[in-house]
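Please read the structure below before turning to the comments.
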Amino acid sequence: MPNALVIDSHPAIRRCALAVLKDQTGFDEVRFANGGAAALEALREREADLVVLDLQLEDLPGDAVLEEVVSNYPLTRVLVLSALPQAAERALLSGAHGYVDKGGGLENLGDAVRAVMGGYAAFPLSSLPTIRRAATNPADPRTLLSRRELTVLRFLAVGQSNKAISDVLGISNKTVSSHKTSIMTKLGFNSLIDLAEFARRHQLAC
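Going by my numbering, the sequence shown opens with residue 13, and the numbers climb by one from there.
Below, the structure written as structure tokens:
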């Protein structure tokens, strides 16, 4: 039985997503999470066939949650549902399989779900320049760091402690510290201030 996890704090969006997933795309079970930490915990308890994720989360950077899902659950399809500026590009570069602009309504949600569950990507044509830039820009910070390191960088850049990061990601404090050291070494930084400025400049801490 296919199951989906919707990560969004807005009741109206959740009701609409539930209707689309159950009535239009055949999902037998739809779970909900208000924030990123609860979502990652829910996935550790039971993997989902589909994750529908808003990038604007109250507790954690949405891009980091997206990267964590993509890294740890390779069989899970991830569809970003957001109204944030440049959300399609952020979703694409962080590993999502599709994007729907919820600011324009959810009329396309069913089509996007069917596409990603059928093995296709579902992004607007306006994202094509980003795809081309990503393919030809070796200086992009995403090419310097592993996906897990990029996720840890996002958390550090918004002031999360090593302990908080280890709790959210379900890894040891020592592992977080190792990732932090690797990030600082690869990027040539001596302080978290440098790291935070780098994240801001590259729009990695939104």
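Beta carbons are placed, not taken as given, at the ideal position from N, Cα and C, and that holds for glycine.
None of the values given here were measured: they were computed from a predicted structure.
Host beta strand (DSSP E) of residue i (start-end)
{"i": "residue 43", "result": "41-45"}
{"i": "residue 189", "result": "That residue, residue 189, is in no beta strand (DSSP E); its alpha helix (DSSP H) goes 185-199."}
{"i": "residue 202", "result": "No beta strand (DSSP E) contains residue 202, which DSSP labels as neither H nor E."}
Beta-carbon proximity of residue i to residue j, cut-off 8 Å
{"i": "residue 25", "j": "residue 114", "result": "yes"}
{"i": "residue 80", "j": "residue 165", "result": "no"}
{"i": "residue 41", "j": "residue 13", "result": "yes"}
{"i": "residue 128", "j": "residue 109", "result": "yes"}
{"i": "residue 211", "j": "residue 169", "result": "yes"}
{"i": "residue 37", "j": "residue 122", "result": "yes"}
{"i": "residue 135", "j": "residue 99", "result": "no"}
Candidates the options, of which the one nearest residue i by Cα
{"i": "residue 156", "options": "194, 175, 130, 189", "result": "194"}
{"i": "residue 103", "options": "172, 86, 64, 117", "result": "64"}
Limits of the alpha helix (DSSP H) - the one that residue i falls within
{"i": "residue 177", "result": "174-181"}
{"i": "residue 24", "result": "23-31"}
{"i": "residue 110", "result": "It is not in any alpha helix (DSSP H) - residue 110 instead sits in the beta strand (DSSP E) that spans 110-113."}
{"i": "residue 84", "result": "74-84"}
{"i": "residue 164", "result": "159-169"}
Contacts around residue i, its chain only, beta-carbon distance under 8 Å, and the 5 residues preceding and following it disregarded
{"i": "residue 178", "result": "184, 185, 187, 188"}
Neighbourhood of residue i by C-beta distance below 6 Å, restricted to the same chain and skipping five residues each side
{"i": "residue 95", "result": "114, 115"}
{"i": "residue 39", "result": "14, 16, 33"}
{"i": "residue 106", "result": "75, 78, 79"}
{"i": "residue 141", "result": "none"}
{"i": "residue 118", "result": "28"}
Cβ of residue i within 8 Å of any chain D Cβ
{"i": "residue 31", "result": "Any reference to chain D falls outside this structure, which holds one protein chain only."}
Own chain residues within Cβ distance below 7 Å of residue i, not counting five before or after
{"i": "residue 71", "result": "47, 48, 49"}
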